[in-house]
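Chains as they are written, first to last, in our numbering: chain A, 65 to 296; chain B, 10 to 804. Where a beta carbon is used, it is the ideal one built from N, C-alpha and C, also for glycine. Working notes for the structure below.
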């Protein structure tokens with residue numbers, strides 16, 4: 065018996081506020097745009113985009129905002145980075161190459177290495193869903209992974225609210241919002257809302273699909289860095 | 010005089026009834042399988058300590074399975090709520106970690122973990138929160154929140170702007186495992202911990218309570234939307250004690266019935282049969298009462314004594330009855346005539362069973378003691394109570410019965426000898442072609458054949474753990490300090506093993522175990538810091554945090570102040586409900602009569618390294634244990650001990666035979682007979698796919714002790730009758746068949762025993778005794794003649 069598996073005690077101790085039980089809403093929605101979006105993802109070979117990350121926390125008076133960029137190259141190369149203040153190094157970099165996932169803190173000159181397999185399915189993994197293209201093989205695969213809570217169409221923009229079926233994630237996640245352009249299939253925004261009311265939102269812009277991506281972007285020089293293995 | 014006799018009898022009856030009442034009222038069943046195993050083995054010792062200190066005797070575990078995670082989760086919560094309504098039965102039913110309902114409860118544990126840190130770390134922590142440095146510390150937290158890619162870390166930092174939870178990083182509480190003790194990783198399997206409203210006094214009370222909870226839960230689940238399972242200590246007690254009671258009663262009754270059938274077939278008389286059965290029941294009651302007085306707790310194997318003892322004690326009844334048929338003298342003369350034979354036979358049989366004390370298995374020792382006592386009680390009951398009854402029966406003219414007539418028939422005995430020889434050759438052939446019987450060294454033999462509690466426990470283990478090779482770390486000491494010191498040394502060893510690749514990971518309770526010295530040094534520092542809570546809160550709010558962000562820190566601060574003001578002396582343990590829940594399988598604090606402190610942890614060894622690591626870590630008061638490792642240890646130790654025991658007993662028997670017979674040829678005949686029985690038994694076991702295990706290996710001892718009697722009796726009869734095989738067979742064939750039939754029936758009824766070990770012991774003994782009887786009756790006389798003939802030819 066894994067008696068020490070108390071991650072949620074910490075989360076909830078930290079969360080502090082009473083957690084309202086939220087049942088997934090079941091509603092008939094037209095899933096055609098989602099199917100179309102997933103189908104377009106399978107055509108994806110490269111992707112690059114700018115984004116603005118906004119963290120809204122109940123414990124903070126004002127949201128935390130950081131701009132950043134991401135790159136993806138099929139099948140499994142990914143880089144995501146948060147800009148630092150002008151003149152300062154990047155705040156954070158998440159780099160994936162094959163099964164290696166590195167969380168890099170340039171300011172602290174430190175990197176933690178994980179196995180993509182070991183962190184898949186761990187609590188918080190939905191945050192890593194951005195690394196996966198396509199997010200699902202097809203609509204059925206998508207529905208195997210997520211319960212659809214809501215789907216709103218505004219012109220070409222589709223706002224899809226889902227909740228992962230993964231039990232551990234559901235314990236703290238209230239919803240996952242994926243916004244995309246139905247015409248281009250481009251991801252427009254990605255937002256996680258926790259049960260205690262905090263949100264993490266990424267608004268994407270300047271999206272470039274299947275354009276050239278410099279392979280060097282997925283390399284990183286760790287000279288002077290302390291690289292440790294993280295316990296997935 | 011007559012009045013005096015009546016008075017004396019009345020006193021005897023009162024004494025006997027008092028003895029029965031005192032003994033029988035004290036009988037309880039002990040379901041702990043470890044009680045059956047050698048206590049000197051480290052695995053047995055460690056597991057016993059683990060069960061003694063960390064098993065929850067009033068906690069029933071209810072499992073809820075469904076195809077859908079949501080359904081299982083909702084059902085578990087609803088069922089827990091439903092059970093808690095029955096306040097007369099349930100103290101609490103917990104379906105989710107207590108801190109999820111009351112997150113505030115975790116503050117106490119966090120306060121203790123920081124209190125437990127090295128003083129230099131605490132001083133550094135306090136230094137970061139001085140009026141000059143606190144704003145920078147809070148700013149750093151804010152930056153970390155901005156940078157972090159982990160939603161968990163961001164959430165945690167939001168509620169910990171001053172960093173009081175830094176101590177958690179090395180506490181082992183940050184494991185990312187998806188499963189918990191409440192849910193499998195996929196959520197389709199949930200667990201509810203149901204605590205009894207009142208202490209469960211004994212096994213009958215436990216059976217009743219478990220039955221009521223099961224009925225309540227099953228009624229709630231009448232539509233069958235989820236699948237329920239029940240396990241945990243009370244479920245084991247209910248399951249196994251119930252079947253132990255049934256095993257004992259059913260095997261004893263079936264043995265009595267078998268004896269009745271055998272007696273009826275041979276003698277066709279009802280009244281002596283009724284009296285004989287009554288005497289066997291008296292013997293059983295007296296033996297059980299004696300067990301109650303001297304042993305108190307019957308083990309799973311010990312309950313098998315009833316049928317074996319009845320099957321053996323009846324022999325003395327047969328003997329007295331046979332004698333009484335021809336007896337023309339007084340009761341005293343009959344008793345005197347029978348005494349020597351019965352004393353000799355009962356003495357040697359009891360000695361054989363008492364010899365089981367030489368085995369390293371306490372379960373077998375208890376069985377041996379119980380049967381030994383029972384056989385002696387049986388001999389006394391038959392001589393003192395059954396003999397007077399036998400004298401009252403109407404004497405019938407003695408006439409050779411069917412069995413005796415067959416034994417006198419040369420054609421029958423010749424066919425019997427050839428058939429027995431063919432049987433031995435066939436079984437020997439099986440042995441040559443298919444090899445020796447297998448050896449089952451797994452601990453499955455300790456388990457009951459049918460037990461929902463065990464099945465559910467297996468399912469629970471499979472669903473809630475990542476690795477089936479987990480080892481439990483057990484550390485004991487007379488003081489908390491001693492345990493802590495041992496934990497430190499053990500953790501060092503485990504770290505080395507981890508770096509070598511022998512260990513994949515471990516969770517030591519060291520960080521959760523109070524360090525009195527550190528606590529004494531840290532408490533004044535932390536309490537002083539906590540009294541500056543308002544200043545620090547102001548700093549936090551100024552940096553952009555909300556009031557809510559300070560709630561956790563404030564609760565931790567209040568705890569430090571409370572401990573300081575209460576004057577509590579270290580070691581300080583967290584005491585609230587959430588902490589007790591976490592600590593219930595991590596720390597046992599001298600609450601048991603032995604007054605020891607016990608710490609529990611978990612180690613995941615690398616494949617095939619479990620035994621080596623267990624051996625390396627094991628030291629005074631430190632064990633790494635698991636049921637799998639126990640099986641390996643038993644495999645290593647027990648067969649060797651049995652080998653020595655069997656060879657020793659064989660040597661003693663052969664020496665006694667030499668002293669008794671003073672004839673090399675006779676001892677050789679007996680040795681060859683024993684060898685033939687051994688070959689036939691092993692061949693039959695191979696044919697029937699019956700492997701040797703820790704328990705049925707004792708059958709060899711019992712066969713050496715009791716089965717050899719048949720050969721000895723026949724050999725003596727041959728010598729008495731000047732080598733007249735027909736006369737010897739006529740005199741003893743019936744007795745041997747009756748005795749072997751009854752004893753085999755007694756052992757054979759254990760075949761249905763719920764405990765696999767006991768059942769296998771019963772099967773093996775029944776098979777061995779039957780083969781022993783047949784080989785003794787039909788082949789031993791042939792061997793005896795051959796030995797004589799060969800010697801004569803040589804001369």
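Alpha-carbon to alpha-carbon, residue j and residue i
i: residue 245/B; j: residue 467/B; result: 13 Å
i: residue 537/B; j: residue 151/A; result: 41 Å
i: residue 367/B; j: residue 380/B; result: 15 Å
i: residue 771/B; j: residue 259/B; result: 14 Å
i: residue 634/B; j: residue 688/B; result: 38 Å
i: residue 85/A; j: residue 760/B; result: Any reading at residue 85/A must be qualified, since the residue scores a pLDDT of 32, below 50, and its modelled position is unreliable; no value is offered.
i: residue 797/B; j: residue 362/B; result: 34 Å
i: residue 325/B; j: residue 492/B; result: 57 Å
i: residue 386/B; j: residue 715/B; result: 17 Å
i: residue 805/B; j: residue 692/B; result: This structure leaves residue 805/B out entirely; chain B is present only between 10 and 804.
i: residue 584/B; j: residue 522/B; result: 13 Å
i: residue 61/B; j: residue 146/B; result: 47 Å
i: residue 216/A; j: residue 176/A; result: 38 Å
i: residue 291/B; j: residue 619/B; result: 51 Å
i: residue 318/B; j: residue 507/B; result: 53 Å
i: residue 732/B; j: residue 448/B; result: 42 Å
Option nearest residue i by Cα separation, candidates the options
i: residue 641/B; options: 611/B, 53/B, 330/B; result: 53/B
i: residue 682/B; options: 138/B, 777/B, 332/B; result: 777/B
i: residue 137/A; options: 282/A, 179/A, 254/A, 288/A; result: 282/A
i: residue 639/B; options: 480/B, 208/B, 568/B, 199/B; result: 480/B
i: residue 173/A; options: 156/A, 270/A, 262/A, 215/A; result: 156/A
i: residue 430/B; options: 686/B, 394/B, 218/B; result: 686/B
i: residue 806/B; options: 365/B, 433/B, 529/B; result: Examination of residue 806/B is not possible in this model, given that chain B is present from 10 through 804 alone.
i: residue 337/B; options: 659/B, 547/B, 399/B, 501/B; result: 399/B
i: residue 236/B; options: 461/B, 637/B, 17/B, 286/B; result: 461/B
Contacting residues, own chain, Cβ-Cβ under 7 Å from residue i (five flanking each side not counted)
i: residue 190/A; result: Residue placement at residue 190/A cannot be trusted, given a pLDDT of 46 that sits under 50; the coordinates are not used to answer.
i: residue 247/A; result: 220
i: residue 670/B; result: 676
i: residue 190/B; result: 200, 473
i: residue 50/B; result: 642, 646
i: residue 209/B; result: 66, 67, 215, 218, 243
i: residue 572/B; result: 532, 581
Cβ neighbours of residue i in the same chain (closer than 6 Å, five flanking residues each side left out)
i: residue 251/A; result: 244, 268
i: residue 307/B; result: 38
i: residue 83/A; result: At residue 83/A, the pLDDT of 30 sits below 50, so the modelled position is not reliable; the number obtained from the coordinates is stated separately. Within the same chain, residue 83/A has close Cβ partners 259.
i: residue 791/B; result: 426
i: residue 775/B; result: 753, 756, 757
i: residue 86/B; result: 104
i: residue 631/B; result: 484, 495, 499
i: residue 171/A; result: 153
Cross-strand partners of residue i (DSSP beta bridge)
i: residue 222/A; result: 217/A, 244/A
i: residue 266/A; result: 117/A, 254/A
i: residue 271/B; result: None, per the DSSP bridge assignment.
i: residue 486/B; result: 606/B
i: residue 132/A; result: 115/A, 146/A
8 Å Cβ shell around residue i - same chain, five flanking residues per side excluded
i: residue 99/B; result: 92, 93, 203, 204, 205, 206, 222
i: residue 736/B; result: 726, 730
i: residue 768/B; result: 458, 759, 760, 761, 762
Residue i Cβ short of 7 Å to the ligand ATP heavy atom set
i: residue 422/B; result: Among the components of this structure there are no ligands whatsoever, and the ligand ATP is therefore not found.
(message) Beta carbons nearer than 8 Å to chain B: which residues of the segment 113 to 124 of chain A have them?
(response) 119, 121, 122, 123, 124
(message) Along the segment 152 to 181 of chain A, where does the CB come closer than 8 Å to a CB of chain B? Name the residues.
(response) 155, 156, 158, 167, 169, 171
(message) Give me the subset of the segment 123 to 137 of chain A whose CB atoms are less than 7 Å from a CB atom of chain B, sorted by chain position.
(response) 123, 124, 125, 126, 128, 130
(request) Taking a Cβ distance cut-off of 9 Å, strictly less, list which residues of the segment 256 to 281 of chain A are near chain B, in chain order. (result) 256, 258, 260, 262, 264
(message) Counting only Cβ-Cβ distances shorter than 9 Å, please list the residues of the segment 371 to 403 of chain B near chain A, keeping chain order.
(response) none
(request) Determine which residues of the segment 191 to 211 of chain B have a Cβ less than 8 Å from any Cβ of chain A, and write them out in chain order. (result) 192, 194, 195, 196
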